[in-house]
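> Encoded as structure tokens, here's the structure I'll be asking about.
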Amino acid sequence: MKKDSLKEIYQQIVDDPENKHYKDNNYLPVYSVSKNAKILLVGQAPGKKAQETGITWNDLSGNNLRSWLGVSRSEFYNKSIFA
38 MKKDSLKEIY
48 QQIVDDPENK
58 HYKDNNYLPV
68 YSVSKNAKIL
78 LVGQAPGKKA
88 QETGITWNDL
98 SGNNLRSWLG
108 VSRSEFYNKS
118 IFA
């Protein structure tokens, strides 16, 4: 998928009328994508810290997930492994 396509998809999500409340309150999609990743993680409703930083799983839920997966923070954010 081309980088421009990702930007278009992101903008369509932001502009969707169903997301107006979230957009109006500055809750924007938080995601990480990489064509080289071996593992794709999908989550729903990122926490306040993830929203504020724009970094996926950047909160207690991410700490728990990394612990369950048995990976370090640096491994988890390595885009050749996880997206």
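Just so you know, we're using the working numbering here: the sequence shown kicks off at 38 and counts up by one.
For each residue, glycine too, the CB sits at the ideal point set by N, CA and C.
#1: Label W105 either buried or exposed according to how many other C-beta atoms from any shown protein chain fall within 10 Å of its C-beta, with 16 as the threshold for buried.
#2: Go through its chain and collect everything with a Cβ distance to I50's Cβ below 6 Å, but skip five positions before and after it.
#3: Buried or exposed: which applies to N63, given that a residue is buried once 16 or more other Cβ atoms fall within 10 Å of its Cβ?
#4: Please go through the same chain and pick out, in chain order, the residues whose beta-carbon is closer than 6 Å to the beta-carbon of I46, but skip the five residues on each side of it.
#5: Does I46 come out as helix, strand or coil in the three-state DSSP assignment?
#6: Residues bridged to F119 by DSSP?
Looking at the coordinates:
#1: Along the sequence shown, read from residue 1 onward, the residue named residue 105 stands at position 68. W105 is exposed by the Cβ-count criterion.
#2: Sequence index remark: in the sequence shown, residue 50 carries index 13 (1-based). Cβ neighbours of I50 beyond the five flanking positions: P66.
#3: Working through the sequence shown from its first residue, we reach residue 63 at position 26. Exposed, because fewer than 16 other Cβ atoms sit within 10 Å of the Cβ of N63.
#4: As a working mapping, residue 46 is identified with position 9 in the sequence shown. Taken in chain order, the list of residues that qualify is empty.
#5: Indexing the sequence shown from 1 puts residue 46 at position 9. If DSSP states are grouped into helix, strand and coil, I46 belongs with the helices.
#6: Along the sequence shown, read from residue 1 onward, the residue named residue 119 stands at position 82. F119 pairs with I76.
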